[in-house]
Every structure is written in C-alpha cells, then in structure tokens.
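Chemist:
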Amino acid sequence: MDFLTILQILDSTLRLATPLLLTCLAGLFSERAGIVDIGLEGKLLAAAFLSGAVAYTTGSIWLGLLAGVAASMLFSMLHGLASITFQGDQLISGVALNFLAAGLTVVIGQSWFRLGGRTPSLPTDARFGEWNLPFSDAMSKIPAFGPAYDELISGHTALTYIALLAVPISWWVLYRTRFGLRLRAVGENPSAVDTAGISVVRLRYIALIIAGALCGLAGTYLASLAAGFVKDMSAGRGYIALAALIFAKWRPWYALSATLLFGLLEAVGNRYQNIQFLDFVELFSLLGFAALAVVLAVQIIRVALSTISVRDLAKPFIACLSVGAVLVATTAIRAMDLPLFGFALPVQFMQALPYILTVVILAGFIGKAIPPRASGTPYVKER
Amino acid sequence: MQAMPKWADAILIPFISLLLAFILSGLMIMAIGKDPVVAVQTMVQGAFGSTNGLGYTLYYTTNFIFTGLAIAVAYQARLFNIGGEGQVMLGGVGVALVCLAIDWPHWAIALPAAMIGGAVFGAAWAFIPAYLQAKRGSHIVITTMMFNFIASAFVGYLLINFLKVPGSMSTESAGFPDGAHLPNFHDMLAPFGIEFSANSPANIAFLIALLAAVGFWVLIWKTRLGFEIRSFGASETAAKYAGINPVRITIIAMLISGALCGLMAINNVMGEAERLIDNAPEGAGFIGIAVALMGRNHPIGIVLAALLFGFLVQGGAELNLWESIPRELVMVIQGLVILFTGALDNMVRRPLEKLFLALRKAKEA
Amino acid sequence: MVVTTSQGRQTSAAPSSPQTASMSDPLAIELRGISKAFGPVQANKDISISVRKGTIHGIIGENGAGKSTLMSILYGFYKADSGTVLINGQEVQITSSQAAINAGIGMVFQHFKLVENFTVLENVILGAEEGALLKPSLGKARKLLQQLSDEYELSVDPDALVENLSVGHQQRVEILKALYRQADILILDEPTGVLTPAEADHLFRILQGLKEQGKTIILITHKLREIMDVTDSVSVMRRGEMTDTVKTSETSPEALAELMVGRKVLLEVEKTPAAPGTPILEVENLTVVDAQGVIRVKGIDLQVRAGEILGIAGVAGNGQTELLEVLGGYQVGTGVIRMNGEELDLTGNASDGQSRREKGIGHVPEDRHDEGLILEFSAWENIMFGYHHDPEYQKNGLIMDTAKIKQIAYDKMERFDTRPLNEKLPAKSFSGGNQQKIVLAREIERNPDLLLIGQPTRGVDIGAIEFIHQQIVALRDQGKAILLVSVELDEILSLSDRIAVMFDGKIMGERLPAETDERELGMLMAGINNGADAAQSGDA
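Chains as they are written, first to last, in the numbering used here: chain P, 27 to 409; chain V, 2 to 366; chain B, 46 to 585.
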C-alpha cells in the first residue's frame with residue numbers, strides 16, 4: 027500500500043468518522059447522565075431529514091443545521107418525557123423513537139416533496155463547503171507532509187472540525203466544570219445528587235438537550251454529505267455510535283479513537299470488497315503503531331511535566347511494542363510467502379467487526395466496559 | 002395493595018394507550034392532507050376485504066406471532082431480547098440449509114426438518130448473548146443488538162459466497178425444491194370448498210404459529226420450567242431463596258426466545274419466498290417487541306396484537322397503493338403504539354390509578 | 046427528669062417535655078408534635094424532641110419504630126402531616142434537602158450517598174461548588190479537609206476514589222461533606238451498622254470532637270451500648286411513638302432495653318416442656334463473609350435437637366440473617382453444617398435451595414416480601430414455590446397438575462386459617478398476617494425435619510401471632526427441630542426451649558427461658574456478658 031492510498035483511506039476515515047463521533051458524544055452526554063439512548067439512530071435520521079428539507083427550501087445549510095438540531099432535540103425531549111418525567115423504560119422509548127423517525131421522515135418527506143421520501147438534491151451552495159486550510163495548495167509540494175496536509179487535514183467541512191473540537195470541549199466540560207461533575211454524578215448515583223440538593227430531573231433533561239444538539243449536527247452532516255435526505259440514510263450509524271460509546275468506555279478521548287477505528291473499518295470496507303488478510307493486518311498495525319507512538323509521545327511529555335508518573339508509561343509502551351511486533355511479523359510472513367495467511371477478508375467482516383469488537387469488550391475479555399452505574403434506571407426518590 | 006382492578010391493567014390501559022396512538026396517527030394523516038376516515042376504510046378493505054388481502058394480513062400476523070412470543074418468553078424472565086431480527090435471519094439460514102440439503106419428497110417431511118433447522122439456528126444465535134449475560138454480566142440488550150448487525154453481515158456473506166446461484170445478479174439462494182413447498186391457504190381450504198386466493202402468501206405456518214402460542218401458554222403457565230422462568234423474572238431474590246438457578250434460567254429463556262424467532266423463517270423463507278433472500282425479516286424482530294408489549298406477554302394478547310400489526314402492515318401497503326400515503330406511515334403508528342403502551346405507560350396509568358382510588362373512596366364513604 | 050425503670054411507667058409515659066436541665070443552653074433543634082402517616086401506617090405519632098446545642102442526642106428504637114422517617118422529615122425528604130420544626134429557636138419549613146442544608150443540617154445516611162468512582166474531594170464539593178469551574182472549589186476543599194483532619198480525627202486521602210476506601214473512611218467522607226456545607230447539626234442514621242468495633246470507636250471520637258466544637262449531633266441507632274457510650278441524652282421510640290426522653294447519665298442499658306422492646310400484652314403460648322431427641326442440625330465453626338467482605342458470622346457453633354425450639358435472640362444485623370441464609374442454601378459459608386448427620390454443601394451453588402428442601406429443611410425467611418413470596422403471583426403458586434419439583438404436583442413428567450395444586454393449596458390455606466380463603470388471589474392482596482400464614486402453610490405442611498423461621502410475626506396482627514405461635518409449637522410437639530430467629534424478645538422467651546443470643550456475629554451465651562429474663566438477655570444482646578459463660582463464644 028503506498029503512501030497516497032493510505033492518505034486517501036485516512037481521509038475517508040475522517041469523513042466517515044465525523045457523524046459517528048458527534049453521535050457518540052451525544053450518547054456520551056446522555057448515558058453519563060444515566061439515560062440510555064438507543065434512539066440515537068432515530069435522532070440522526072430526524073435531523074438528517076429536517077436539515078435536508080430546510081436546506082433545500084431555504085437554500086441555506088446553516089438554516090438546515092438549525093432545523094436539524096431542532097428536530098433531534100424534539101426527539102430528545104420526547105425521550106426525556108418518557109424516561110425522566112414518566113419514569114418509563116428507556117430502552118422501549120428508544121425503540122419507539124427509532125420507529126417514529128424511520129416512519130415520519132418518509133411520510134412527511136413524501137407529503138412535502140413527492141419524491142418517495144427523498145428530499146430533492148441539495149445544490150452545492152446549500153451544502154457545507156469544504157474548508158481548504160491556508161497554504162494547502164502551496165504546501166502540497168512538500169514531500170510527505172504536504173500531501174498529508176492537503177489531503178487529510180485540510181479540505182473537510184466545518185462540521186468535521188467542530189466534531190474534532192467537540193472532543194476536548196466535552197472532556198473539559200465533563201471533568202473540569204461544576205456542570206460536568208454533577209452530570210457524571212447523576213449518572214452514577216442520582217440519590218447522592220438529590221441529597222446534595224440538586225435537581226436530578228433538570229440535570230438529566232439538560233444532558234438530553236446536549237445529546238439532541240450533537241445528534242442534530244451529525245444528522246445535518248449526513249444530509250449535507252449525501253446532498254439531501256434519502257430514506258434510512260443513517261443506515262445504523264446510531265447503533266455503531268452506541269457500540270463506539272461502549273468501546274470508548276464512555277470517555278471523550280476514547281470516543282475519538284473508537285469512532286476513528288470504526289470509521290477506518292468502514293473506509294477500508296468501502297475501498298476493497300475483499301482485502302488480503304496480510305494487507306489488512308499491515309494497514310492496521312501500521313496505523314496503530316503510528317497512533318500509539320503519538321500517544322506515547324504525549325504521555326512522555328506529561329511525565330516530563332510530572333502530571334503523571336513514569337509507571338503510566340508502561341501500558342502505552344507495551345502496546346506500542348506489541349503492535350510494532352505484529353507489523354514486523356506481517357512483513358516477515360509476507361517475505362516468506364507463507365501460504366497459510368494468503369486469504370482475503372470479506373467486506374462483511376469489516377462491516378461486522380465494530381460490533382464483534384464491542385461484544386468482546388462487553389464480555390470483559392479485553393478490559394471491562396462498566397457503564398455509568400445508574401444508567402438505564404429511572405430515578406425514583408426513595409425514602 | 003392494588004390500586005386498580007385486574008381488568009383495568011390488562012385491558013383498559015392498553016386500550017387507552019392504543020387509542021392515543023391512533024388519534025395521533027389520525028392527526029398525522031390529516032396533517033399530510035389526507036382523510037383519516039378514508040385511510041382507515043382503505044386499510045380495512047385492503048387487509049380484510051378480499052381473501053388475497055386477508056392472506057397477506059395473516060401472513061404478516063404469522064411472522065409477528067412468532068417474534069412476539071419470542072420477545073415475551075424472554076421478557077417473562079425480565080430479559081429484553083432486542084435481537085429478534087438477527088435470530089430470525091439466522092433461522093432463515095437454518096431453514097434454507099435444510100430445504101436445500103436434499104430433494105424433499107413431501108412438505109410434511111420437509112417442514113419438521115426445516116422447523117428444527119430454523120429453531121436451532123435461531124437459538125444458537127441467541128445463545129452467545131445469553132451466556133454472556135448469565136456468566137459475565139454483559140448487558141443483553143446491547144449484545145443482542147450487536148448480534149443483529151453481525152447476523153446481517155454474516156448472512157450477507159453466506160449469501161454472496163456460498164448460497165447465491167452462480168452467475169445470478171440477485172443476492173438470493175437457489176429456489177427450494179418442490180417437495181419443500183408448504184401448502185398455502187388456497188391449498189388447505191380447497192378440500193373444504195372454500196375459495197381462497199391462490200396468490201396470497203398465508204400458509205400452514207400460520208397454524209404452527211397458533212400452536213406455538215398454545216405451547217407458550219403451556220410452557221409458561223403449566224410447566225415447572227415456565228414457573229421458574231416467571232419466578233426468576235418476578236423476583237430474583239425470591240428465586241434464589243427457592244433454589245432456582247439464574248444462569249440456567251437466563252440461558253434457557255433466551256434459547257427458547259431465539260428458537261421461536263428462528264421458527265418464523267418457516268413462514269417468510271419457506272412459506273413465502275421459497276428461497277433465502279437478503280434482509281428477509283423486514284423488521285419483524287423489532288415489531289415483535291411492540292407485539293409483546295401490547296399483548297402484555299400473554300399468548301392471547303400476542304395473537305391479537307400480531308393480528309393488529311399484520312393488519313397495519315398490509316393495510317399500510319394498500320394505503321401506499323391507493324392513497325399514495327407511504328407505507329412508512331405504519332412505522333409511525335408502530336412507533337406511537339410502542340411509545341404509548343411501553344414507554345409512556347405511567348402517563349396513562351397514574352391518572353387512572355388516582356381515578357380508581359378516588360372511585361373506591363367514594364364507594365366506601 | 047424521669048428515668049423509667051419500673052415496667053408500669055412505660056405504657057403510660059407521655060412524650061416527655063423538653064429537657065429541664067440547663068435551661069441556659071439554647072436548643073439547636075426542637076420538633077413539636079410531628080406526625081406522619083403512609084396510608085394506613087402511622088409512622089410517626091405526635092413526636093416532640095428538643096436537642097440542646099452542643100450535645101449528642103441519641104434516638105433509639107427497634108427497626109420500624111419510625112426513627113428514620115422522623116429524620117427524613119428533618120432532612121426534607123418527607124413532609125410531615127402535622128407539627129413544626131424549629132432550628133435554633135426559629136421555625137423553619139424544610140421542604141427539600143436544599144432547605145435542610147441551608148438550615149445547617151447535615152445527614153449521614155445509613156446507605157452512603159456517595160459517588161463511588163469519584164474522588165473524596167469531588168464527593169465533598171458535589172452540589173456545594175464555588176463556581177462554574179471546579180478548580181477553585183477543589184483547592185478550597187483540599188485546604189479545609191487538611192484542616193479538619195488535623196482538628197478531628199477525620200483524615201482521608203482527598204484524592205482517593207471512594208470505592209477504594211474502607212467503609213469507615215467512606216463514612217468520614219459523608220461527615221466531611223456535611224462539614225464542608227457548614228452544618229451545625231449532624232444527623233447520623235445507624236452509623237455503626239457496617240463498621241468494625243475499632244472503626245466505630247474512631248467514629249465516636251470524631252463525634253466527641255465535633256461536639257466540643259459546638260456541633261449538635263443526633264445519633265440514630267438500635268444499639269444500646271453506643272447510646273450509653275457517647276450520648277448526653279436519649280429518646281426512645283417504639284412503634285411510631287416517642288416513649289421517653291432521658292439523660293443518658295441517669296439511665297441504664299437495662300432500662301433502655303425495656304423501653305425499646307416494650308412489654309406487650311404477653312401472649313402466653315400453651316406448651317408442654319420439650320422432650321428433645323437426637324440432634325437434627327449441627328453447626329460447627331460457621332463463618333460467613335458477605336459480598337462486601339464484612340464478616341457477618343464469626344465461627345459459631347450450635348445444635349438443634351428433634352422436638353425443641355432453639356430461639357436466637359439479638360438485635361437485627363448481628364449475623365442472624367446470614368446464618369439463616371447459609372442454612373437455607375443461598376449464602377456461602379465456611380465451617381461444617383450437618384443435617385441428620387449428613388454434611389451440607391456450603392459453597393452457595395445455585396441449586397442448594399432446592400436440595401436443602403429435599404433434605405427436609407423448611408425455611409420461613411425473614412423477608413416475606415422479597416424472599417418468601419412473589420407478591421404478584423397467586424397464593425396457590427406461592428404455596429408450591431420452591432417445591433414445584435415435587436412429584437405430587439405433577440400431572441406427568443412435563444405438565445404440572447394445576448387443578449390439584451390449587452386444591453392442595455386451598456386445603457393448606459384452610460388448615461392455616463388463611464383469609465380470604467381464596468387460593469387464586471395474588472399474594473399481595475393478603476394482609477401481612479395472612480401472607481405469613483401462606484408461607485408457613487407451605488413450609489410446615491411439608492413436614493420438614495428442621496424448620497428455619499425468621500421473624501415469624503414481623504408485621505403480623507395480634508390475632509395471627511397467636512395462631513402462628515401455636516403452629517410452631519405443634520410442629521415441635523411432632524418431634525421436629527425448629528430454629529427460630531426473632532428480634533422480638535417476648536417471642537423468643539415465650540416460644541423457645543433454649544435461647545442463644547447473637548451479637549456481632551457470635552453467640553454471646555445460651556440460656557434456658559425459665560432461668561433468664563429480658564434484662565439479662567438485653568445485656569447479652571448489647572454484647573455485655575457478665576462473665577458467666579464468656580468462654581463459650583470463644584471455644585469455637
């Protein structure tokens with residue numbers, strides 16, 4: 027695999043990961059507050075539809091964005107009504123919202139546009155434009171870094187950059203602000219929050235509003251990318267985001283890695299119908315090695331700043347080494363041309379991998395994913 | 002203390018919830034500029050007005066009885082099996098493998114074999130989430146949901162790489178042999194001199210579904226296993242006191258649930274399509290959740306709710322045809338029904354409980 | 046000032062007036078005529094208490110006496126039906142936890158209200174943050190924690206995760222939370238229930254320190270010794286009423302025990318002397334460690350013989366529950382238990398509950414609602430519950446004979462005088478006494494060799510109590526062994542042929558009912574053994 031191919035795969039990874047990341051963060055805020063949200067899929071769909079419809083009608087994607095966020099928030103509030111106010115089953119509410127969104131988007135779409143549930147195609151100026159970062163043309167001449175800058179870092183829409191920014195912001199809000207502290211507390215032990223004199227109901231509604239807004243962004247992104255709404259266009263992304271959330275153990279930075287990984291799987295699946303096993307392992311160990319090297323570098327800086335201890339380096343160091351070993355082994359096997367490894371991975375394997383990985387994580391075979399302790403249960407004031 | 006009489010809980014609350022869902026659906030139809038009365042007429046006419054329509058209605062009903070029972074049996078043990086969709090898909094694989102295995106001499110031999118194939122595959126697909134829940138505490142809602150997607154990819158892979166007819170463009174298996182053709186209502190009713198549309202897909206699987214409903218009733222209310230499942234669902238601490246093994250019950254309840262989902266494939270795969278196609282369940286696994294909810298996890302309720310949803314799906318198709326209202330309207334109605342009968346239960350229940358308490362006080366006074 | 050030692054006074058004792066001594070000390074809390082009912086249950090009846098500033102005031106009473114309800118009213122969880130609350134002489138309306146906090150009240154709940162995966166600091170500031178950002182609050186809290194840990198013995202690592210702390214340290218975090226909110230009045234609800242004796246002593250030193258700083262402390266407990274050790278004054282609650290308020294220095298554990306347990310109209314049970322036969326149940330060196338790692342039963346030995354009732358007395362939470370659970374087969378234990386000479390499996394296999402029944406052990410659990418019955422199920426289903434594998438109940442290998450089970454259930458209910466006599470009604474629609482009769486009918490009618498019975502008359506009306514007692518004695522007279530656990534001393538005294546007192550997971554002593562009285566048992570229940578048989582608990 028040459029450098030440019032890898033760049034192109036990474037570029038489309040980022041494109042595919044953007045809606046996942048936004049939706050995953052939406053789920054993160056919701057579940058951190060103790061509300062399980064399997065209605066993410068429905069919110070995505072509702073937002074994609076209304077943003078597409080409004081963007082087409084007004085010619086402005088920004089108005090579309092507002093409408094998308096509003097639609098998603100409306101669904102969020104319905105979820106809140108059922109699961110917070112009426113203390114209903116959060117899972118059932120989520121299932122219901124997914125049905126509602128899948129139906130309403132087509133019924134209303136047909137009524138408005140008579141295109142079988144599609145919205146008309148969005149003209150270019152009713153979509154998000156790609157932001158070409160400064161000097162991308164000029165820099166593209168520089169070897170290695172130039173194309174990477176041009177291809178990968180530059181040339182995405184505003185929402186991709188917003189999604190990436192949302193990661194540190196979410197982290198900061200969750201771990202550095204009063205609101206974040208209370209939000210996390212209400213998902214772990216609402217009675218602790220209640221006895222401290224804070225309203226559990228209010229906190230949970232706010233969390234759902236944030237989740238609605240983030241899903242709204244993600245839905246709008248989908249509509250803009252596909253130049254309009256198509257029936258069922260979320261295509262299970264809400265569920266993948268949910269899987270990513272578990273994979274990320276409900277943490278923002280991990281959410282970024284999980285959605286990038288799932289985006290990468292989708293990108294590879296899109297590009298190759300059947301990828302050679304060795305190519306697959308090589309690509310992933312190469313990228314994994316690079317990513318871990320960056321993590322290791324960051325950790326070393328933190329050790330230097332003495333925010334963490336040297337002992338915390340062990341894990342990333344070992345991970346980096348083992349991935350590196352896999353990379354070397356792959357190259358060796360390729361050189362030896364061992365027949366055992368000369369098979370191809372089907373595209374369906376790539377599609378299923380995010381879910382398989384999530385089940386493995388859930389089963390606790392690789393690290394344990396412990397959800398916020400109060401998630402899924404309505405808060406009933408006890409005596 | 003009971004705030005409400007039993008009938009109010011079993012009948013009144015679902016009825017009011019359903020009514021609310023239908024009123025909102027009616028408003029929805031008006032909002033898109035159609036006449037709800039005409040829509041209802043069209044739906045009823047399309048679903049029950051001809052043997053052809055009735056055949057489709059009962060065909061869908063059959064699907065939903067199977068999945069509704071499946072979700073309900075798990076729910077009796079308070080396990081939320083959201084993976085019906087995947088289990089139905091795998092059941093389809095089981096049925097297809099059996100049907101394609103040999104040139105079946107007669108459907109009466111092929112059917113039991115196919116039933117075993119479907120049930121075993123469906124149960125196997127439910128086993129892993131059940132095991133993970135029972136032994137490792139992995140939340141069964143999430144794992145079964147993940148298994149839906151894994152099933153979809155897996156079945157797609159099997160179809161394209163193994164089952165597809167070489168050279169064919171469509172991702173579907175070869176047609177089943179004639180000996181695996183199930184008698185449809187036309188064949189079944191002809192000896193009695195009843196004329197039933199030959200083109201409608203309702204088939205003998207409908208009777209199997211009704212039998213399954215009876216079997217469900219026997220299992221849950223007449224056997225020790227059913228008693229243990231219900232006890233475990235009602236109170237885990239009491240079940241522990243009585244010496245009921247939670248791991249065993251969790252796994253068995255999910256195996257039965259998966260098997261019932263797998264059995265659905267004798268209707269849609271063997272009875273209707275007569276070959277394995279991609280995405281054969283068409284959401285029946287999810288609709289099973291609504292059916293079980295509406296039917297209050299009781300076989301009679303489930304059969305009635307399945308009929309209601311069968312009517313909605315078939316009537317929705319007719320709406321699409323005659324009134325150019327998209328069939329997705331049915332999904333809206335389904336969503337509303339799930340929302341009101343399931344998640345917003347307390348919205349209906351709380352005022353009713355107050356009402357009944359007030360009535361009782363007035364009576365006592 | 047009245048110290049009630051005579052038995053006659055208690056029944057007539059009216060809610061006592063505020064303390065007469067030291068009128069110069071201002072009152073920190075004054076409750077006047079607080080009443081609260083939950084449906085038909087009167088949890089608090091016209092309760093008045095006054096607590097002087099800078100004192101430790103104890104509230105003592107059995108489970109269900111209404112202590113926690115009263116404190117929940119004070120912390121704004123419930124609204125009292127009537128009555129007023131005065132804090133520092135000012136009438137206040139406590140409508141929410143926030144209002145209670147604002148009034149200077151801090152509460153340490155029995156079940157801590159902590160976020161387990163937060164650090165100590167984060168827990169302390171939660172809800173009382175200084176501003177939108179955490180940093181300043183955390184800094185301030187850190188300083189204050191340092192100061193408090195120097196002043197009192199309240200040292201906790203501020204950066205430790207709460208889930209990694211011992212229970213005693215978690216409790217300190219709760220106290221720190223209250224102090225951070227500048228509480229002047231600290232309420233502790235059963236604070237030592239989960240503490241080791243050393244941790245409890247530490248807690249009391251902390252409380253003394255706080256008292257010296259002028260804080261007012263209310264200690265809710267059912268443990269006599271704590272009251273005697275640390276409080277200045279004590280109120281006794283019984284069945285929703287305040288039976289008396291006394292100065293601790295002017296009372297004794299015996300007097301309090303009597304006030305607490307009360308002297309009901311003694312339900313004399315007609316019974317002949319026991320004729321004990323061979324040992325049915327033998328327990329040797331049984332130890333139980335619960336899921337939280339707390340040692341609940343500490344190497345006890347006991348024996349129940351055929352044709353006798355062994356009564357286990359003790360204040361709730363001293364290991365009796367766990368003892369029953371191990372015997373019933375759903376709790377893990379170590380040691381040896383022999384039933385009819387056969388050793389039982391104590392590893393807590395899921396099916397042990399089943400095999401215990403097959404070996405002839407019947408079990409009426411302490412908690413009728415959560416364990417003994419499935420409230421939504423009909424009476425006949427509850428009567429086969431646990432015995433549903435019995436061949437008698439089956440039509441064939443697969444199908445249960447429900448008609449027959451209903452008939453059997455009806456007969457059993459009839460013999461146990463269950464009302465209404467309708468086996469099809471759900472268990473939840475029976476009264477407490479009739480629910481208990483259903484459980485007893487199920488267990489006794491199986492004719493077990495050994496009947497384990499926990500709190501047989503908790504929440505049961507007087508009429509049913511007598512009937513239940515008769516049934517237990519009748520079973521004994523058939524030569525069956527009975528292990529009775531009860532927190533009601535009367536019940537223990539009138540039913541048992543032999544009494545063992547449990548305290549802190551150990552058997553404090555064994556007595557014959559004829560040779561002992563409530564006072565002596567009360568002392569044993571409080572962990573005070575006058576040396577007569579101190580060695581006994583030790584020779585395991």
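For every residue, glycine included, the Cβ atom is placed at its ideal position computed from N, Cα and C.
Because the structure is a prediction, the values reported are computed rather than measured.
Could you check which residue in B:GLY172, B:GLN480 and B:GLU370 has the C-alpha nearest to that of VAL226 (chain P)?
Modeler: B:GLY172
Chemist: Between PRO404 (chain P) and ALA281 (chain P), what straight-line distance do the alpha-carbon atoms span, to the nearest angstrom?
Modeler: Straight-line Cα distance between these residues: approximately 25 angstroms.
Chemist: Secondary structure at TRP276 (chain P), three-state DSSP: helix, strand or coil?
Modeler: coil
Chemist: Please classify ARG383 (chain B): does DSSP put it in a helix, a strand, or coil?
Modeler: strand
Chemist: DSSP three-state call for GLU303 (chain B): helix, strand or coil?
Modeler: In the structure shown, GLU303 (chain B) sits in a helix (DSSP, three-state: H, G or I).
Chemist: Run through chain B and tell me which residues come within less than 9 angstroms of LYS241 (chain V), C-beta to C-beta.
Modeler: TYR375, ALA395, GLY398 and GLU416
Chemist: Counting Cβ pairs, one atom from each stretch, are 3 or more of them under 8 angstroms apart for the stretch 335-355 of chain B and the stretch 216-223 of chain B?
Modeler: no
Chemist: Going by the DSSP bridge assignment, what does THR62 (chain V) pair with across the sheet?
Modeler: DSSP output for THR62 (chain V) lists no bridge partner at all.
Chemist: Could you spell out the range, first to last residue, of the alpha helix (DSSP H) harbouring MET99 (chain P)?
Modeler: 87-106
Chemist: CA-CA distance, PHE122 (chain B) and SER141 (chain B)?
Modeler: 6 angstroms
Chemist: Alpha carbon to alpha carbon, how far is PHE548 (chain B) from LEU286 (chain P)? Give it in angstroms, no decimals.
Modeler: For LEU286 (chain P) and PHE548 (chain B), the distance between alpha carbons rounds to 59 angstroms.
Chemist: What residue ranges within the stretch 195-254 of chain B form continuous beta strand (DSSP E) runs of no fewer than 3 residues, ordered along the chain?
Modeler: 230-234
Chemist: Can you pull the chain V neighbours of LEU243 (chain P), defined as C-beta to C-beta under 7 angstroms?
Modeler: Those do not exist, as LEU243 (chain P) stays about 23 angstroms from chain V at its closest Cβ, beyond 7 angstroms.
Chemist: Give me the chain V residues within the contact set of LEU355 (chain B), using Cβ-Cβ distance strictly less than 7 angstroms, ordered along the chain.
Modeler: Ordered by position in chain V, no residue passes the 7 angstroms Cβ test against LEU355 (chain B), which lies about 21 angstroms from the chain.
Chemist: State the Cα-Cα distance for the pair SER174 (chain V) and ASP36 (chain V), rounded to the nearest angstrom.
Modeler: 43 angstroms
Chemist: Is it buried or exposed for TRP108 (chain V), if we count other Cβ within 10 angstroms and need 16 for buried?
Modeler: buried
Chemist: With distances taken between CB atoms, is the gap from ILE301 (chain P) to ALA370 (chain P) smaller than 8 angstroms?
Modeler: yes
Chemist: For ARG250 (chain B), I'd like the list of residues in its chain whose CB is within less than 7 angstroms of its CB, leaving aside the five on either flank, ordered along the chain.
Modeler: GLU198
Chemist: So, is ILE444 (chain B) buried or exposed, given that buried needs 16 or more other C-beta atoms within 10 angstroms?
Modeler: When all chains shown are included, ILE444 (chain B) counts as exposed.
Chemist: Who are ILE357 (chain B)'s beta bridge partners in DSSP?
Modeler: B:VAL530 and B:ALA545
Chemist: Cβ of LEU233 (chain B) within 8 angstroms of Cβ of ILE272 (chain B)?
Modeler: no
Chemist: Name the residue from V:ILE205, V:ALA154, V:ILE221 and V:MET295 whose alpha carbon lies nearest to the alpha carbon of LEU264 (chain V).
Modeler: V:ILE205
Chemist: For ILE92 (chain B), which three-state DSSP category applies?
Modeler: strand
Chemist: Any C-beta of chain V within less than 7 angstroms: which residues of the stretch 433-447 of chain B qualify?
Modeler: Against chain V - using a Cβ distance shorter than 7 angstroms - the residues of the stretch 433-447 of chain B are HIS433, HIS434, LEU443, ILE444, MET445 and THR447.
Chemist: Under 7 angstroms from any heavy atom of the ligand SAM, does the C-beta of LEU318 (chain P) make it?
Modeler: Here there are no bound small molecules, and the ligand SAM is not part of this structure.
Chemist: Using the rule of at least 16 other Cβ atoms within 10 Å of the residue's Cβ for burial, across every protein chain shown, is LYS551 (chain B) buried or exposed?
Modeler: Within a 10 Å sphere around the beta-carbon of LYS551 (chain B) sit 16 or more other beta-carbons, which makes this residue buried.
Chemist: Please name the residue or residues paired with ALA370 (chain P) in a DSSP beta bridge.
Modeler: P:GLN302
Chemist: Counting only the same chain and skipping the five closest in sequence on each side, list residues whose C-beta sits under 7 angstroms from that of THR58 (chain V).
Modeler: ALA48, PHE49, GLY311, PHE312 and GLN315
Chemist: Expressed to the nearest angstrom, what Euclidean distance is found between the alpha-carbon atoms of ALA164 (chain P) and GLY172 (chain P)?
Modeler: 8 angstroms
Chemist: Nearest-angstrom Cα distance between GLN138 (chain B) and LEU189 (chain B)?
Modeler: Straight-line measurement puts the Cα of LEU189 (chain B) at about 30 angstroms from the Cα of GLN138 (chain B).
Chemist: Taking CB distances under 8 angstroms as the criterion, tell me whether ASN209 (chain B) reaches chain P.
Modeler: no
Chemist: When DSSP labels each residue in this structure, what does ASN280 (chain V) get in the three-state scheme?
Modeler: coil
Chemist: Looking at chain P, which residues of the stretch 174-188 of chain B have a Cβ within less than 9 angstroms of any of its Cβ atoms?
Modeler: GLU174, GLU175, GLY176, ALA177, LEU178, LEU179, LYS180 and SER182
Chemist: Is LEU9 (chain P) close to chain V? Criterion is C-beta to C-beta, closer than 8 angstroms.
Modeler: Residue 9 (chain P) lies beyond the stretch modelled for chain P, which goes from 27 to 409, so this question has no answer here.
Chemist: Which residues, in order along the stretch 221-245 of chain P, keep a beta-carbon less than 7 angstroms from a beta-carbon of chain B?
Modeler: THR221, ALA222, GLY223 and ILE224
Chemist: Out of V:ARG249, V:GLY34, V:LEU160 and V:ARG328, which one is the CA nearest neighbour of ALA75 (chain V)?
Modeler: V:ARG249
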